[in-house]
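Residue numbers (our numbering): 474 to 669. Read the structure below first, then the notes.
Following this line, the structure appears as structure tokens:
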């Protein structure tokens with residue numbers, strides 16, 4: 474489990490594609506500082522398992538399912554990625570409950586810079602729309618954000634300077650594809666209600 478509070482921006486240093494999956498190596502000195510084989514690290518919001526560490530680089534296996542359902546398949550050497558280690562039970566939950574199980578992708582439709590923040594609008598895949606609510610939580614590329622507006626086809630978020638500086642969101646351009654994970658609590662509530 475993660476919080477959506479990004480610890481650092483990392484850099485993809487190698488991608489070895491084979492058999493429909495990939496071996497992904499990422500430089501991230503903070504998240505690698507205590508990482509060991511079997512640990513979970515979220516890369517752009519996708520929970521991945523560490524298979525090797527070497528200096529400030531960690532390597533993860535990415536299965537075909539993850540490549541198909543997320544934007545990880547579009548990464549190249551040199552790509553910047555958001556990184557977060559799994560939360561420990563004794564830490565504050567600063568963002569919201571993020572599983573690292575990406576529900577789908579969205580496209581950045583518009584970006585409006587403000588004096589102190591940027592307003593971004595993203596496409597909203599139809600099957601996920603029912604889980605997105607104004608003032609609710611959503612994870613975009615692993616970042617815990619608050620939904621500022623929502624309609625049938627899109628949703629908006631506002632980004633403070635810290636988020637713009639410390640995550641990949643400051644670099645995203647119109648047309649870029651991002652990973653989204655909706656609030657897991659909404660999915661469980663829907664399932665419980667449907668069974669009544």
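We treat Cβ as the ideally placed atom computed from N, Cα and C, and that holds for glycine. Computed from a predicted structure; not experimentally measured.
Going by C-alpha positions, residue 644 is about 16 Å away from residue 549.
Taken in chain order, the complete alpha helix (DSSP H) segments of 4 residues or longer contained in the stretch 599-642 are 634-639. With fewer than 16 other CB atoms across the displayed protein chains lying within 10 angstroms of its CB, residue 527 is exposed. Looking at the DSSP output, residue 571 bridges to 475.
If the five residues before and after residue 647 are omitted, its C-beta is found closer than 8 Å to the C-beta atoms of 581, 582, 583, 584, all from its own chain and listed in chain order. In the structure shown, residue 579 adopts extended strand secondary structure according to DSSP, grouped into three states. Distances from the alpha-carbon of residue 597 to those of 639, 642, 651, 490 put 651 closest.
The continuous alpha helix (DSSP H) containing residue 505 extends over residues 502-505. The continuous alpha helix (DSSP H) containing residue 541 extends over residues 537-542. The stretch 584-593 and the stretch 564-576 do not touch, with fewer than three beta-carbon pairs separated by less than 8 Å. Secondary structure at residue 562: coil, using DSSP grouped into helix, strand and coil.
A Cβ-Cβ distance of about 7 Å is found for the pair residue 545 and residue 516, placing them in contact under the 8 Å criterion. In the structure shown, residue 647 adopts coil according to DSSP, grouped into three states. Between residue 594 and residue 629 a beta carbon distance of about 5 Å is seen, short of the 8 Å cut, so the two are scored as contacting. Inclusion of residue 653 and residue 576 in the CB contact set at 9 Å is warranted, their separation being smaller than that value.
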